[in-house]
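Numbering-wise, this note's numbering puts 322 at position 54 of the sequence shown, and it's gapless, one number per residue.
Glycine is no exception: its CB is placed at the ideal position from the N, C-alpha and C atoms.
Just so we're clear, the structure is a prediction, and the values are computed from it rather than from any experiment.
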Amino acid sequence: MKSSKILTVLWDYFLMTVGSVIFCMAWTSFVIPNGLASGGLTGLCTIFQYGTGIPVGLTYPILNVALLILGFITLGKGFGVKTIYVIALTSVLFEVLPMFPQLHVLMDEKLLVALVGATMESVGLGLVLLRGGSSGGTDIIAMMINKYWPVSPGRVYLITDLVIISCLLFVPGKGLVDMIYAYVMMLGFSFGVDFVLLGNKSSVQILVFSSKYEEIANHIIHEVHRGVTALQSVGWYSQKESKVLLIVARKQQMNEVVNEIKTIDKQAFISVSTAMSVFGEGFEEVKTGLKIKKANKKED
269 MKSSKILTVL WDYFLMTVGS VIFCMAWTSF VIPNGLASGG LTGLCTIFQY GTGIPVGLTY
329 PILNVALLIL GFITLGKGFG VKTIYVIALT SVLFEVLPMF PQLHVLMDEK LLVALVGATM
389 ESVGLGLVLL RGGSSGGTDI IAMMINKYWP VSPGRVYLIT DLVIISCLLF VPGKGLVDMI
449 YAYVMMLGFS FGVDFVLLGN KSSVQILVFS SKYEEIANHI IHEVHRGVTA LQSVGWYSQK
509 ESKVLLIVAR KQQMNEVVNE IKTIDKQAFI SVSTAMSVFG EGFEEVKTGL KIKKANKKED
């Protein structure tokens, strides 16, 4: 058990290291060399660098301290240790990577720069967040909110980034066009990080119309190990009573479930729709913020 825990911790830190390198390279290789910016604390530090000349590697760790303290209080010591590691690593990378000009990718097409930067940033930060870490800044706020309320991290980033990107208008030499590119990168990052964090958790709702509903239901429960709900139905044309099977499964299980149904009844009519959120046993935990409210009441 101890060796498995050690391997798990090492794996966590390995993935956070890889994610941090990808995250920093998105900025130092694509975004900053091409004069672009985006949201988040890194975006704020980048905008500050454009206006004052003070490098991101200096302002980034300093501005993270206050949010890091909040992370300790709200998310626990485990969060703090991993976050300190990621912040320290990214701060070093923001200082070291710019020293290698061969890593700078200069492009005339700013839109492509924004899209590539957003993709790399979302993948890198997504890996960090998946292992319980944080690069600091607004993602600490996102994790604190997401702990108690079912608000996606991408939505939190979207709101805070709107304010940060607007600061570009106060930087000499920057204007509306730069702000538009920053918003493009912000939107790409918001969708990208949600895909990385929630893509493997997305679910589907499957409705099965078949005369062999009883055989299909038993097979899905005992062989595929998914829950099945039988809904009473009436075929309006035939006026025959039957049952419609309702199955909720992970998206990656969809093909398996459909194939199993077809092996029993090739004529079965199957309807598949995406389930935005599924809460309950075997899926996600409901986050309502009630624990906080109860705790506050006890203190009162």
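Secondary structure at Gln500: strand, using DSSP grouped into helix, strand and coil. For Ile474, the enclosing beta strand (DSSP E) starts and ends at 471-477. For Arg518, the pairing in a beta bridge is given by DSSP as Ser471.
Non-local C-beta neighbours of Val496 in its own chain, meaning closer than 6 Å and more than five positions away in sequence, comprise Ala485, Ile488, Ile489, Leu513, Ile515, ordered along the chain. Between Ser306 and Phe457, the beta carbon gap of about 7 Å places them in contact (Cβ cut-off 8 Å). Proximity to Thr351 across Met284, Val381, Thr310 peaks at Met284, based on C-alpha coordinates.
For the alpha helix (DSSP H) assignment, the uninterrupted runs of no fewer than 4 residues enclosed by the region 314-388 are, from N- to C-terminal side, 324-343, 345-364. Secondary structure at Ser510: strand, using DSSP grouped into helix, strand and coil. Short of 6 Å from the beta carbon of Arg399, and not among the five residues preceding or following it, lie these beta carbons of its own chain, in chain order: Asp280, Leu283, Met284. Among the bridge pairs identified by DSSP, Ile538 is matched with Val476. With 16 or more other Cβ atoms inside 10 Å of its own Cβ, Val396 counts as buried. Less than 8 Å divides the Cβ of Val476 from the Cβ of Ala536.
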